[in-house]
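For the sequence shown, this note's numbering assigns the number 522 to the initial residue and increments by one for each residue that follows. Here is the structure we will look at, set down as structure tokens.
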Amino acid sequence: MNVAVTFQDGREHTVDQVVLFLYPTGTGVAEERQQIGVRRIRDGRTFALFRWELPTSLYSHLEVQLECKDGQTVSASHWNVIDRDSAF
522 MNVAVTFQDG
532 REHTVDQVVL
542 FLYPTGTGVA
552 EERQQIGVRR
562 IRDGRTFALF
572 RWELPTSLYS
582 HLEVQLECKD
592 GQTVSASHWN
602 VIDRDSAF
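Encoded structure:
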């Protein structure tokens, strides 16, 4: 599976890298967050492309984190990512 993350740089903040995290579902599992990918961003690019091998059984939450050159971090979460076989 390919995952594309697109973003728009602002005047004050420039994205330095994009990081993907995966959380298992359920409550009280924040400490089980796993980093599954990191891409450094070259000047002028507004996207990051990740190739991701889906586990055979997946029911998790995906978090995308943009890390800016000035130290600011922006996060977006996508909940309930599931694999195709368990979806049907």
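Glycine included, C-beta positions come from ideal geometry on N, C-alpha and C. Values in this document were obtained by computation on a predicted structure and should not be read as measured data.
Boundaries (first-last residue) of the beta strand (DSSP E) holding Phe528: Counting from one through the sequence shown, the residue named residue 528 turns up at place 7. Under the DSSP assignment, Phe528 falls outside any beta strand (DSSP E); it carries neither an H nor an E label.
Mind checking Leu628: buried by the 16 CB within 10 Å criterion, or exposed? Residue 628 lies beyond the stretch modelled for the chain, which goes from 522 to 609, so this question has no answer here.
Thr594 bridges to which residues according to DSSP? Stepping through the sequence shown from its first residue, residue 594 is reached at position 73. Paired residue(s): Glu588.
Do Gln538 and Arg561 have their C-beta atoms closer together than 8 Å? Here residue 538 refers to the residue found at position 17 when the sequence shown is read from its first residue. Here residue 561 refers to the residue found at position 40 when the sequence shown is read from its first residue. Result yes, Cβ atoms of Gln538 and Arg561 sit closer than 8 Å.
Ignoring anything shorter than 3 residues, give me the beta strand (DSSP E) runs that lie fully in the region 539 to 583, in order along the chain. Qualifying beta strand (DSSP E) stretches, in chain order: 555 to 561, 568 to 572.
Proximity below 8 Å, CB of Val585 to CB of Leu543: Numbered from 1 along the sequence shown, position 64 holds the residue referred to as residue 585. Numbered from 1 along the sequence shown, position 22 holds the residue referred to as residue 543. No. Outside cutoff.
In whole angstroms, give me the CA-to-CA distance for Val536 and His582. On the sequence shown, position 15 is the one that residue 536 refers to. On the sequence shown, position 61 is the one that residue 582 refers to. C-alpha of Val536 to C-alpha of His582: approximately 23 Å in a straight line.
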